[in-house]
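Structure first, then comments.
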Amino acid sequence: MKAKANLALIGIILSAAPGHAATLDVDSSRSRIHVDAHATGHDFTGTLKKYTARVSGDTASMKPEGFELGWSFKDLETGDADRDKQMLKWLGGGDPKGSFRFTKSWTDKDGKTHGMGTLKIHGVPQEVSFPYSVKKDRDWVTIDGTVSLDYENFKLPVIRTMAVMTVDPRLKVRFHVVGKVN
Numbered sequence: 177m178k179a180k181a182n183l184a185l186i187g188i189i190l191s192a193a194p195g196h197a198a199t200l201d202v203d204s205s206r207s208r209i210h211v212d213a214h215a216t217g218h219d220f221t222g223t224l225k226k227y228t229a230r231v232s233g234d235t236a237s238m239k240p241e242g243f244e245l246g247w248s249f250k251d252l253e254t255g256d257a258d259r260d261k262q263m264l265k266w267l268g269g270g271d272p273k274g275s276f277r278f279t280k281s282w283t284d285k286d287g288k289t290h291g292m293g294t295l296k297i298h299g300v301p302q303e304v305s306f307p308y309s310v311k312k313d314r315d316w317v318t319i320d321g322t323v324s325l326d327y328e329n330f331k332l333p334v335i336r337t338m339a340v341m342t343v344d345p346r347l348k349v350r351f352h353v354v355g356k357v358n
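Heads up, my numbering is the position in the sequence shown plus 176, with the first residue counted as 1.
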């Protein structure tokens, strides 16, 4: 689910001195990672409250060189404490972790930028790809994107309650990452 992080933050790297590798210091107060879910009769969104991110790239080409995201599912809050507790149980209990590691990016024939990487949830790695955009304002970089995923691909069962309520396995992870180039 946390794929969110996912998440696409990859493009995050750009700016500063031409031809030099740079890192992005992610500002968590200005950034957000959301997971959108649809259940029988209602929709809900989980927000990743805490995560670690390491992002680097070439400032001349504006291409990402590295992006790693890690989080604990205990930090994914849906606004319903009981639902959050049930999510942790569904993920196997304890302190389940998730991660994303960037592998490549490309521009399609329509000029849209896409990223790819390995998302690991429930101990199961899966390749994900997604469109993203990057905007630069002086030393600040903003990366926005959406990752679609199916939690069944991570060997997780479909969530059903009382035989009538089901959480659709197709989730959307939306990310808005803001950071300063250094």
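Just so it is clear, CB atoms sit at the ideal spot from N, CA and C, and this is done for glycine as well.
Owing to the predicted nature of the structure, the values given are computational and were not obtained by experimental measurement.
CA-to-CA distance, residue j to residue i, given in whole angstroms
{"i": "V231", "j": "G268", "result": "29 Å"}
{"i": "F330", "j": "V300", "result": "5 Å"}
{"i": "Y327", "j": "L295", "result": "11 Å"}
{"i": "Q302", "j": "G293", "result": "8 Å"}
{"i": "G242", "j": "T223", "result": "24 Å"}
{"i": "S281", "j": "T289", "result": "7 Å"}
{"i": "R206", "j": "V353", "result": "7 Å"}
{"i": "H298", "j": "F306", "result": "21 Å"}
{"i": "M341", "j": "D251", "result": "24 Å"}
{"i": "V304", "j": "F351", "result": "14 Å"}
{"i": "F278", "j": "A197", "result": "16 Å"}
{"i": "Q262", "j": "G287", "result": "42 Å"}
Helix, strand or coil at residue i according to DSSP, with G and I counted as helix
{"i": "D256", "result": "coil"}
{"i": "L325", "result": "strand"}
{"i": "M338", "result": "coil"}
{"i": "L264", "result": "helix"}
{"i": "N182", "result": "Caution is warranted here: a pLDDT of 34 is assigned to N182, below 50, making its placement in the model unreliable, and the coordinate value is therefore given only provisionally. The answer is coil: DSSP assigns N182 none of H, G, I, E or B."}
{"i": "K288", "result": "coil"}
{"i": "D320", "result": "strand"}
{"i": "D203", "result": "coil"}
{"i": "K296", "result": "strand"}
{"i": "K331", "result": "coil"}
Beta carbon proximity, residue i to chain B, threshold 7 Å
{"i": "L332", "result": "Going by chain labels, chain B is absent from the structure shown, which holds only one protein chain."}
Nearest-angstrom Cβ-Cβ length linking residue i and residue j, presumed shorter than 8 Å
{"i": "L325", "j": "D212", "result": "The Cβ separation is near 11 Å, so there is no contact."}
{"i": "D170", "j": "K311", "result": "Here the chain covers residues 177 to 358 and nothing more, so residue 170 does not appear."}
{"i": "V343", "j": "I335", "result": "4 Å"}
{"i": "S248", "j": "K265", "result": "Contact flag wrong, Cβ pair sits at about 15 Å."}
{"i": "K225", "j": "G233", "result": "At roughly 26 Å, the Cβ-Cβ gap does not stay under 8 Å, so K225 and G233 are not in contact."}
Opening and closing residue of the beta strand (DSSP E) in which residue i lies
{"i": "L224", "result": "218 to 224"}
{"i": "G274", "result": "273 to 283"}
{"i": "K312", "result": "300 to 313"}
{"i": "G355", "result": "346 to 357"}
Closest Cα partner of residue i within the set the options
{"i": "D284", "options": "P272, Y308, V304", "result": "Y308"}
{"i": "L414", "options": "S275, R259, K261", "result": "The first residue shown for the chain is 177 and the last is 358, placing residue 414 beyond what the model contains."}
{"i": "D320", "options": "D203, R208, A197, A198", "result": "R208"}
{"i": "A339", "options": "M263, A215, F351", "result": "A215"}
{"i": "N358", "options": "W316, P345, P333, L332", "result": "W316"}
{"i": "T254", "options": "T221, A229, T228, D271", "result": "T221"}
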